[in-house]
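First comes the structure, then the notes that go with it.
Protein chains: 2
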Amino acid sequence: MKKNKISALEAKEKALELSLAPLMFQGARALFELGILDFLKKMGDEGASQDLMAQKLGLSPYVLEVLLEAGLGMGLVEFKEDRVILTKTGYFFATDPMVKVNMDFSHYVCYLPSYSFLESLINGKPEGLRTFGNWETIYEGLWSLPETVLEKWLAFDHFYSDASFNEASEILLQKRPKKILDIGGNTGKWAIHYAQKDPEAEITILDLPGAVEEAEKRIDDAGLSHRINCMKMNILDKDQPLPKDYDWIWMSQFLDCFGEEEISLILDKVHKSLDQNGYMSILEPCWDQQKFKAASYCLQAVSLYFTCLANGKSKFYSSRKWHKMIKNAGFQIVEEIFPLGLGHTLFICTKQKD
Amino acid sequence: MKKNKISALEAKEKALELSLAPLMFQGARALFELGILDFLKKMGDEGASQDLMAQKLGLSPYVLEVLLEAGLGMGLVEFKEDRVILTKTGYFFATDPMVKVNMDFSHYVCYLPSYSFLESLINGKPEGLRTFGNWETIYEGLWSLPETVLEKWLAFDHFYSDASFNEASEILLQKRPKKILDIGGNTGKWAIHYAQKDPEAEITILDLPGAVEEAEKRIDDAGLSHRINCMKMNILDKDQPLPKDYDWIWMSQFLDCFGEEEISLILDKVHKSLDQNGYMSILEPCWDQQKFKAASYCLQAVSLYFTCLANGKSKFYSSRKWHKMIKNAGFQIVEEIFPLGLGHTLFICTKQKD
Numbered sequence: 587m588k589k590n591k592i593s594a595l596e597a598k599e600k601a602l603e604l605s606l607a608p609l610m611f612q613g614a615r616a617l618f619e620l621g622i623l624d625f626l627k628k629m630g631d632e633g634a635s636q637d638l639m640a641q642k643l644g645l646s647p648y649v650l651e652v653l654l655e656a657g658l659g660m661g662l663v664e665f666k667e668d669r670v671i672l673t674k675t676g677y678f679f680a681t682d683p684m685v686k687v688n689m690d691f692s693h694y695v696c697y698l699p700s701y702s703f704l705e706s707l708i709n710g711k712p713e714g715l716r717t718f719g720n721w722e723t724i725y726e727g728l729w730s731l732p733e734t735v736l737e738k739w740l741a742f743d744h745f746y747s748d749a750s751f752n753e754a755s756e757i758l759l760q761k762r763p764k765k766i767l768d769i770g771g772n773t774g775k776w777a778i779h780y781a782q783k784d785p786e787a788e789i790t791i792l793d794l795p796g797a798v799e800e801a802e803k804r805i806d807d808a809g810l811s812h813r814i815n816c817m818k819m820n821i822l823d824k825d826q827p828l829p830k831d832y833d834w835i836w837m838s839q840f841l842d843c844f845g846e847e848e849i850s851l852i853l854d855k856v857h858k859s860l861d862q863n864g865y866m867s868i869l870e871p872c873w874d875q876q877k878f879k880a881a882s883y884c885l886q887a888v889s890l891y892f893t894c895l896a897n898g899k900s901k902f903y904s905s906r907k908w909h910k911m912i913k914n915a916g917f918q919i920v921e922e923i924f925p926l927g928l929g930h931t932l933f934i935c936t937k938q939k940d
Numbered sequence: 587m588k589k590n591k592i593s594a595l596e597a598k599e600k601a602l603e604l605s606l607a608p609l610m611f612q613g614a615r616a617l618f619e620l621g622i623l624d625f626l627k628k629m630g631d632e633g634a635s636q637d638l639m640a641q642k643l644g645l646s647p648y649v650l651e652v653l654l655e656a657g658l659g660m661g662l663v664e665f666k667e668d669r670v671i672l673t674k675t676g677y678f679f680a681t682d683p684m685v686k687v688n689m690d691f692s693h694y695v696c697y698l699p700s701y702s703f704l705e706s707l708i709n710g711k712p713e714g715l716r717t718f719g720n721w722e723t724i725y726e727g728l729w730s731l732p733e734t735v736l737e738k739w740l741a742f743d744h745f746y747s748d749a750s751f752n753e754a755s756e757i758l759l760q761k762r763p764k765k766i767l768d769i770g771g772n773t774g775k776w777a778i779h780y781a782q783k784d785p786e787a788e789i790t791i792l793d794l795p796g797a798v799e800e801a802e803k804r805i806d807d808a809g810l811s812h813r814i815n816c817m818k819m820n821i822l823d824k825d826q827p828l829p830k831d832y833d834w835i836w837m838s839q840f841l842d843c844f845g846e847e848e849i850s851l852i853l854d855k856v857h858k859s860l861d862q863n864g865y866m867s868i869l870e871p872c873w874d875q876q877k878f879k880a881a882s883y884c885l886q887a888v889s890l891y892f893t894c895l896a897n898g899k900s901k902f903y904s905s906r907k908w909h910k911m912i913k914n915a916g917f918q919i920v921e922e923i924f925p926l927g928l929g930h931t932l933f934i935c936t937k938q939k940d
């Protein structure tokens, strides 16, 4: 094997940690949910004794002991004589909103389904989805998910996309396209946001019936029905061409919901519908462009959610792969903007000029 | 918080890794189960291209891509141009038998039940056990667990205890007690092993009916029924005293199945049954005595299994806690031997002399 920087002992430690990671995840989550990490944060460098914690938090000595010892193993806390002190890792685990949104997504949305991860890979289907319902993909069943699952799914989705679509909107505003086709516009969150920024923009949201019905309500509430309309379509239906005469076709965190062959089909439809002077943009997070290892890690991990729960065949692709897919579909990238929001890339493309 | 050695960036990385650990665990497991890590091990420092791996392993490009990128995030593999190379961590994950036994235990035994970990803590009951059956503790239902679950449970149990009980037996052989009471003797594995080593030893196994019935079969098969007998008893039944006239009361990885109050009750019963010249020994792994951090980590993690699946109230205790519990029960430690096997401690005790 390749000689890399960590020692054999550290490597063995990491391998063993991984082998018991699910139990430890649940331990970390309990340390968070029972307020133990937050209490220790308030106690600062002095920390607290387990007796004090039992008293203040109303937890049994057993609960504290089993959790704090697990926390010691994970490096969330340290023991100093009879006191327990929060570590830096514990501090981030207690306070970082990205940790919280990931943890909830891991637990409520992915945990039980990912038991069927290997089966999903082998069958090429999101077998874990059966935990929640009898659908082919999560997109079909999204609005029928159990309430908490849906809530955590949306929180996760919006956490990662909100920041980036705000910034991507600023870029689009400079281009000021008049007619925008928002493919995979979902609940209309971006379309409403953008229509409020550009009072002249006209937007068409194209998505599956469930999402479109949700979007229509929100557009109506926002008083934007005269400038945002919706179109129900299964984008993978080869017989249904995309509508024409749009200046800009916008796909934000949409194509990662599809396998490569499907993306090829979608880009082909976009190519057929787009004018020679039109633009297509793709907003996606690419693990191979991230500045921080942890950001790549999150994308690589969440890709596994697509396998076992979303559709069995998609993932977050690398920028290298996007370059290839965009080129193969007859487009050229005229601008590539990174980073937007929490590390997204905006690929702005036109048809290849002959 | 305490200033410790890792940087804020590393701490944040660790916190984020933890937040998505269950998905990554499943990714690592798939890399193992589909033979990808093993294949890369054979390819050595040169590694292999994804094309070659697809061809040799019969896996789709998607399966390889999503798994190898997750493996990159976990540090199991590295990418070098178009080749994928196993790292040291990947090597240990692929080859270490302890990793395999932990991974199987994590997946087959603990994964689904530990979804109810927080609930188990709050209710003081192993709520995760409902995944498999309607029992108060796993010990009641052990022999009725689904076949694969039981197989992985036993493999885990024996992996950790076999090495240590062999070595502990050598120590006992030097003492040569004639009559041994093996409390929590389970399937009789240790008793049979020991009776074969010492042809004069007479052993009584005391355990719950399910285990004893299993033990009786094995003792019979080993032709040792004349020297090993069994006694069915719920050790927690206050009205049933322990039998008397034993030279040695042996408890190997038994007391960790109980909460502190229960241990106090059991040790009290042992105290009442033991002669003034008799010995009691306790064989347990103590997380605070391990030489390697990874060994402590494993014990701290497996403690969480006791919470959500075994009984809701026990764990692997520290040596510090054993000292306290042993003393409080009226015993004194005459010898403390560490490490045995994979890091167990043998506490040899007598009644406190006035």
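If you read the protein sequences in the order shown, they are chains B and Z.
Going by the working numbering, the first sequence wraps up at 940, each residue one higher than the last.
Going by the working numbering, the second sequence wraps up at 940, each residue one higher than the last.
Glycine residues also receive a C-beta, built at the ideal position from the N, C-alpha and C atoms.
Between which residues of its own chain and residue i is the CB-CB distance below 6 Å, once the five residues before and five after are set aside?
| i | result |
| --- | --- |
| residue 626 of chain B | 672 |
| residue 587 of chain B | Interpretation of residue 587 of chain B is limited by its pLDDT of 41, a score under 50 that renders its predicted location unreliable; the figure taken from the coordinates is listed afterwards. Within the same chain, residue 587 of chain B has no close Cβ partners at all. |
| residue 722 of chain Z | none |
| residue 777 of chain B | 768, 771, 789, 791, 814 |
| residue 805 of chain B | 774, 811, 814 |
| residue 680 of chain Z | 623, 624, 627 |
In the DSSP assignment, the alpha helix (DSSP H) including residue i goes from what residue to what residue?
| i | result |
| --- | --- |
| residue 615 of chain Z | 607-619 |
| residue 663 of chain B | It is not in any alpha helix (DSSP H) - residue 663 of chain B instead sits in the beta strand (DSSP E) that spans 663-666. |
| residue 890 of chain Z | 879-891 |
| residue 776 of chain B | 775-783 |
| residue 939 of chain Z | No alpha helix (DSSP H) contains residue 939 of chain Z, which DSSP labels as neither H nor E. |
| residue 859 of chain B | 846-859 |
| residue 908 of chain Z | 905-914 |
| residue 706 of chain Z | 703-709 |
| residue 648 of chain Z | 647-660 |
| residue 624 of chain Z | 622-629 |
Cutting at 8 Å between CB atoms, please list the residues of its own chain near residue i, excluding the five before and the five after it.
| i | result |
| --- | --- |
| residue 660 of chain B | 610, 613, 614, 675 |
| residue 589 of chain B | In this predicted model, residue 589 of chain B has a pLDDT of only 46, less than 50, meaning its place in the structure is not dependable; the value taken from the coordinates is given anyway. Correct list: empty, nothing qualifies. |
Using a Cβ-Cβ cutoff of less than 7 Å, which residues in the same chain neighbour residue i once the five nearest sequence positions on both sides are dropped?
| i | result |
| --- | --- |
| residue 873 of chain Z | 882, 885, 886, 902, 904 |
| residue 915 of chain B | 850, 853, 854, 857 |
| residue 635 of chain Z | 668, 669 |
| residue 642 of chain B | 625 |
| residue 702 of chain B | 713, 714, 894 |
In the DSSP output, what is residue i paired with across the bridge?
| i | result |
| --- | --- |
| residue 926 of chain Z | Z/930 |
| residue 788 of chain Z | Z/765 |
| residue 639 of chain B | Paired residues: none, contrary to the question. |
| residue 818 of chain Z | Z/793 |
What are the start and end residues of the beta strand (DSSP E) that includes residue i?
| i | result |
| --- | --- |
| residue 721 of chain Z | Taken as a continuous stretch (DSSP letters only), residue 721 of chain Z belongs to no beta strand (DSSP E), as it is neither H nor E. |
| residue 798 of chain B | Run containing residue 798 of chain B: none in the beta strand (DSSP E); it sits in the alpha helix (DSSP H), 795-807. |
| residue 865 of chain B | 865-871 |
| residue 670 of chain B | 669-672 |
| residue 592 of chain B | It is not in any beta strand (DSSP E) - residue 592 of chain B carries neither H nor E in the DSSP assignment. |
| residue 811 of chain B | Looking at the DSSP string, residue 811 of chain B is not in any beta strand (DSSP E), and its letter there is neither H nor E. |
| residue 729 of chain Z | First-last for residue 729 of chain Z: undefined, no H or E at that position. |
| residue 838 of chain Z | 834-838 |
At a CB-CB cut-off below 7 Å, which residues of chain D make contact with residue i?
| i | result |
| --- | --- |
| residue 886 of chain B | Considering every chain present, this structure includes no chain D. Its protein chains are B and Z. |
Item to check | At least 3 beta-carbon pairs within less than 8 Å: the segment 815-828 of chain Z vs the segment 787-804 of chain Z | outcome: yes
Next on the checklist: Across the segment 828-843 of chain B and the segment 759-773 of chain B, are there enough close Cβ pairs to call them in contact, namely three or more that are closer than 8 Å?
Outcome noted: yes
Checklist entry - Between the segment 924-938 of chain Z and the segment 734-751 of chain Z, are three or more C-beta pairs nearer than 8 Å? => result yes
Item to check | Chain-ordered residues of the segment 601-624 of chain B with a beta carbon less than 9 Å from chain Z | outcome: 601, 602, 603, 604, 605, 606, 607, 608, 609, 610, 611, 612, 613, 614, 615, 616, 619, 620
Next on the checklist: Could you check whether the segment 632-648 of chain Z touches the segment 692-700 of chain B, counting it as contact only if at least three pairs of C-beta atoms, one from each stretch, sit closer than 8 Å?
Outcome noted: no
Checklist entry - the segment 700-726 of chain B: which residues have C-beta closer than 7 Å to a C-beta of chain Z, in chain order? => result 700, 701, 703, 704, 707
Checklist entry - How about the segment 707-714 of chain B and the segment 887-898 of chain B: do they share at least three Cβ pairs that are nearer than 8 Å? => result yes
Checklist entry - Going along the chain, which residues of the segment 771-798 of chain Z sit with their C-beta nearer than 9 Å to a C-beta in chain B? => result none
Next on the checklist: Would you call the segment 725-733 of chain B in contact with the segment 796-815 of chain B, where contact means no fewer than 3 C-beta pairs closer than 8 Å?
Outcome noted: A contact exists between the segment 725-733 of chain B and the segment 796-815 of chain B.
Checklist entry - What residues in the segment 731-757 of chain Z have a beta carbon less than 9 Å from any beta carbon of chain B? => result So the list is empty, because no residue satisfies the distance condition.
Checklist entry - Going along the chain, which residues of the segment 669-683 of chain Z sit with their C-beta nearer than 8 Å to a C-beta in chain B? => result 671, 672, 673, 674, 675, 676, 677, 678, 679, 682
Checklist entry - In chain order, what residues of the segment 841-860 of chain Z put their CB closer than 9 Å to some CB of chain B? => result 845, 846
Item to check | Residues, ordered as in the chain, of the segment 905-939 of chain B that lie near chain Z by beta-carbon distance below 9 Å | outcome: 907
Next on the checklist: So if I threshold CB-CB distances at 9 Å, which residues from the segment 633-653 of chain Z count as touching chain B?
Outcome noted: 633, 645, 646, 647, 648, 649, 651, 652, 653
Checklist entry - Listed in chain order, which residues of the segment 685-699 of chain Z have Cβ atoms closer than 7 Å to some Cβ of chain B? => result Per Cβ criterion, the list reads 685, 688, 689, 692, 696, 697, 698.
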